[in-house]
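For the sequence shown, UniProt numbering gives the first residue as 1, with consecutive numbering after it.
A virtual CB, placed ideally from N, CA and C, is assigned to each residue, including glycine.
Predicted model, so just to flag it, every value in this text is computed and none were measured.
Beneath this line is the structure, given in structure tokens, with notes to follow.
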Amino acid sequence: MGFRRPLEFYYLNLQTLLYLKLNLPGKKMEISTQNINISHDMVSQKRFINFDLLRVAAMFGIVVQHYFAHGLYYHFNISSGGVMGLSMSSCNFMMSEIVYEICHVAVNCYVMITGYFMITKSFKLSRLAVLWVEVLFYAVSLYAVLCCMGFQTFQVKELTNVIFPITFKEYWFMTNYMGLLIFAPVLNVFVHHVSQSKHLLTLIGLGAISLTLLVKFPLGDTFGGGYGFLWFIFLYLVAGYVRLYARTMNRYGRKAIVAAVITFTYPAWMHIFIPLFDGTNMTPFGFSYNGFVFFFSLYVFLWVRGLTIKENGLTSCLVKIAPYTLAVYLISDNAMVRKLLWQKMFVWQGMLDDSLFMFKMLTSCLIIFTICIGIDWCRKKMFELVGINRIVRLTSEKIESVIKRAVVTFASS
Numbered sequence: 001m002g003f004r005r006p007l008e009f010y011y012l013n014l015q016t017l018l019y020l021k022l023n024l025p026g027k028k029m030e031i032s033t034q035n036i037n038i039s040h041d042m043v044s045q046k047r048f049i050n051f052d053l054l055r056v057a058a059m060f061g062i063v064v065q066h067y068f069a070h071g072l073y074y075h076f077n078i079s080s081g082g083v084m085g086l087s088m089s090s091c092n093f094m095m096s097e098i099v100y101e102i103c104h105v106a107v108n109c110y111v112m113i114t115g116y117f118m119i120t121k122s123f124k125l126s127r128l129a130v131l132w133v134e135v136l137f138y139a140v141s142l143y144a145v146l147c148c149m150g151f152q153t154f155q156v157k158e159l160t161n162v163i164f165p166i167t168f169k170e171y172w173f174m175t176n177y178m179g180l181l182i183f184a185p186v187l188n189v190f191v192h193h194v195s196q197s198k199h200l201l202t203l204i205g206l207g208a209i210s211l212t213l214l215v216k217f218p219l220g221d222t223f224g225g226g227y228g229f230l231w232f233i234f235l236y237l238v239a240g241y242v243r244l245y246a247r248t249m250n251r252y253g254r255k256a257i258v259a260a261v262i263t264f265t266y267p268a269w270m271h272i273f274i275p276l277f278d279g280t281n282m283t284p285f286g287f288s289y290n291g292f293v294f295f296f297s298l299y300v301f302l303w304v305r306g307l308t309i310k311e312n313g314l315t316s317c318l319v320k321i322a323p324y325t326l327a328v329y330l331i332s333d334n335a336m337v338r339k340l341l342w343q344k345m346f347v348w349q350g351m352l353d354d355s356l357f358m359f360k361m362l363t364s365c366l367i368i369f370t371i372c373i374g375i376d377w378c379r380k381k382m383f384e385l386v387g388i389n390r391i392v393r394l395t396s397e398k399i400e401s402v403i404k405r406a407v408v409t410f411a412s413s
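Put into structure tokens, the structure is as follows:
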């Protein structure tokens, strides 16, 4: 730990001397700042463990979130009327809302992890192609399996949708995510050619049209809300700012807790406590990704970034499964699987009256998570055996080289 500051100081002075010596036109000091941060990350590779663990936790949180959104709350009915006292069902309901809120940081954190690492990387078509093939594989194969098993009726329209899952938004997250990866080179060029203050001003401007802190205010819901592409761009640039300029590794745990309390207080009062005191029914409420949840997500991200995690058997195991986590979403939140999973396989009646509700909920989500990880492990082994990813990479690299040559030729003409 003690040698990082001197090493960082060494890189700072080296870059400064080179900058003053060469005095290259158009070169900015921000570029050297970026290099310092990259060298710092090279020294502290172990910190990447933090983000692998956060990626795993985020995906598990997404499964838990879907448990409530597509399952319990879909069939929700605490009581048919009358006074709602502090019964087992109401206590379980309030606990479920707290867990539901915590899990809402998952999507934001997942996108910010991408922004944190992609902000210093060059564009590779192969990276995009491999991801697209994985999405296509699960969309088509799940549809084929469910049709063969009789859970799904074959229709040409649905087949078209699964063949073009990104175009027809079979997965809303993946559509935005793929768009973000395509647009990432433009964002990277921007952040590396503006000053820190202009980057921050850009975030303030984007935040004004992306965040929804109160009902319809400022403008977040007007420009796509928490499910829009603009929101993903905002998260990407926020994570990029953290990567390039946030030098300190302060612990943000307390700030994350405060943000969580603020996020929960207003909707909890409106949907839980007022009905509780008035004797009316409590109803579940949602949290917007682009609302106060954003600040909760940001502080969780910063907190995890600054943690010092010792490697042990558990962390090593979780790090190994991190590359398989995206498949958990692609499988469990497939439109056809989602309906089968959350509406057919679970018995929701009386669920909130069970004293073991939280334990059963977490166990069920863990089983789903583990099965999906196992499926993707088999899928990757099959891809390696057949050489699919290798073929995709070679093909995409050739296409990328052709495109680059065409661009150079066009620009020089």
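Legend entry - Opening and closing residue of the beta strand (DSSP E) in which L213 lies: Start at 1 with the first residue of the sequence shown, and residue 213 comes out as number 213. Per DSSP, L213 belongs to the beta strand (DSSP E) from T212 to L214.
Legend entry - DSSP three-state assignment for P165, whether helix, strand or coil: Within the sequence shown, numbered from 1, the residue matching residue 165 stands at position 165. Reduced to three states, the DSSP call for P165 is coil.
Inset, instruction - Using the DSSP secondary-structure output, state which residues sit across from P218 in a beta bridge. - result: Locating residue 218 in the sequence shown gives position 218, where the first residue counts as 1. Note: P218 sits in a beta bridge opposite T212.
Inset, instruction - Kindly provide the ranges of any alpha helix (DSSP H) runs that are 4 or more residues long and lie completely inside the stretch 295-376, ordered along the chain. - result: 313-321, 325-332 and 335-344
Legend entry - Same chain only: Cβ atoms within 6 Å of S297, ignoring 5 sequence neighbours per side: Here residue 297 is taken as the residue at index 297 of the sequence shown, counted from 1. V105, N108 and C109.
Inset, instruction - Check whether the Cβ atoms of A239 and M112 lie closer than 8 Å to each other. - result: Reading the sequence shown from its first residue, position 239 is the one you call residue 239. Reading the sequence shown from its first residue, position 112 is the one you call residue 112. Yes, they are a contact pair.
Inset, instruction - Assuming F264 contacts E101 (C-beta within less than 8 Å), just tell me the rounded distance between them. - result: Along the sequence shown, read from residue 1 onward, the residue named residue 264 stands at position 264. Along the sequence shown, read from residue 1 onward, the residue named residue 101 stands at position 101. Correct: roughly 5 Å between the Cβ atoms.
Inset, instruction - With a threshold of 16 other CB atoms inside 10 Å of the CB of T114, please say whether the residue is buried or exposed. - result: One-based indexing of the sequence shown puts residue 114 at position 114. Buried is the call here.
Legend entry - Length of the line joining the Cα atoms of F123 and A184: Reading the sequence shown from its first residue, position 123 is the one you call residue 123. Reading the sequence shown from its first residue, position 184 is the one you call residue 184. One C-alpha to the other measures close to 8 Å.
Legend entry - Short Cβ contact (8 Å threshold) for V130 with V392: Position 130 of the sequence shown, counted from the first residue, corresponds to residue 130. Position 392 of the sequence shown, counted from the first residue, corresponds to residue 392. Yes, these two residues count as a Cβ contact at 8 Å.
Inset, instruction - Tell me where the alpha helix (DSSP H) around H66 begins and ends. - result: Counting from 1 along the sequence shown, the entry for residue 66 is found at position 66. First-last of the alpha helix (DSSP H) with H66: F48 to H66.
Inset, instruction - Please report the residue range of the alpha helix (DSSP H) in which E170 lies. - result: As a working note, residue 170 is residue 170 in the sequence shown. Note, E170: premise wrong, no alpha helix (DSSP H); not H, not E.
Legend entry - Residues near K169 in its chain [Cβ-Cβ closer than 8 Å; skip 5 each side]: Numbered from its first residue, the sequence shown carries residue 169 at position 169. The answer, listed in chain order, is T175.
Legend entry - Assigned secondary structure, S197 (DSSP; H/G/I helix, E/B strand, else coil): Position 197 of the sequence shown, counted from the start, is the residue given in the question as residue 197. Three-state result, S197: helix.
Inset, instruction - With DSSP as the reference, label residue 496 as helix, strand or coil. - result: For residue 496 there is no data in the structure shown, the boundaries of the chain being 1 and 413.
Inset, instruction - With a 10 Å radius around its C-beta and 16 neighbouring C-beta atoms as the bar for buried, classify Y171 as buried or exposed. - result: Residue numbering aside, residue 171 sits at position 171 when the sequence shown is read from its first letter. Under this definition Y171 is a buried residue.
Inset, instruction - State buried or exposed for T212, treating a residue as buried only when at least 16 other CB atoms are found within 10 Å of its CB. - result: The residue you call residue 212 lines up with position 212 of the sequence shown. With 16 or more Cβ atoms within 10 Å of its Cβ, T212 is classed as buried.
Legend entry - Length of the line joining the Cα atoms of C317 and A327: In the sequence shown, the residue the question calls residue 317 occupies position 317. In the sequence shown, the residue the question calls residue 327 occupies position 327. Between C317 and A327, the C-alpha separation is close to 17 Å.
Inset, instruction - Could you tell me the distance, in whole angstroms, from the CA atom of K404 to the CA atom of G179? - result: Counting from one through the sequence shown, the residue named residue 404 turns up at place 404. Counting from one through the sequence shown, the residue named residue 179 turns up at place 179. Their backbone Cα atoms lie some 20 Å apart in a straight line.
Legend entry - Segment limits, alpha helix (DSSP H) that includes I388: The residue you call residue 388 lines up with position 388 of the sequence shown. Where I388 is concerned, the enclosing alpha helix (DSSP H) stretches over I388 to S412.
Inset, instruction - Would you check if the distance between the CB atom of L128 and the CB atom of V191 is smaller than 8 Å? - result: For the purposes of this step, residue 128 is taken as residue 128 along the sequence shown, with counting starting at 1. For the purposes of this step, residue 191 is taken as residue 191 along the sequence shown, with counting starting at 1. Their beta carbons are not under 8 Å apart, which means L128 does not touch V191 by this criterion.
Inset, instruction - Check whether the Cβ atoms of Y241 and L181 sit closer than 8 Å, and answer yes or no. - result: If you number the sequence shown from 1, residue 241 lands on position 241. If you number the sequence shown from 1, residue 181 lands on position 181. Contact flag unset, no.
Legend entry - I233: first and last residue of the uninterrupted alpha helix (DSSP H) it sits in: The sequence position of residue 233 within the sequence shown is 233, counting from 1. Note, I233: alpha helix (DSSP H), F229 to Y245.
Inset, instruction - Go ahead and pull the three-state DSSP assignment for G207. - result: Translated into the one-based positions of the sequence shown, residue 207 becomes position 207. Correct three-state label for G207: helix.
Inset, instruction - Decide if D52 is buried, meaning its Cβ has at least 16 other Cβ atoms within 10 Å, or exposed. - result: The residue you call residue 52 lines up with position 52 of the sequence shown. The residue in question, D52, is buried, as its Cβ has 16 or more Cβ neighbours within 10 Å.
Inset, instruction - Rounded to whole angstroms, what's the CA-CA distance from L72 to A411? Just pull it up for me. - result: Translated into positions along the sequence shown, residue 72 becomes position 72. Translated into positions along the sequence shown, residue 411 becomes position 411. Approximately 57 Å between the Cα atoms of the pair.
Legend entry - K381, DSSP secondary structure in three states: Within the sequence shown, the letter at position 381 stands for residue 381. Three-state result, K381: helix.
Inset, instruction - Kindly indicate which three-state DSSP category R127 falls into: helix, strand or coil? - result: Here the question's residue 127 lines up with position 127 in the sequence shown. If DSSP states are grouped into helix, strand and coil, R127 belongs with the helices.
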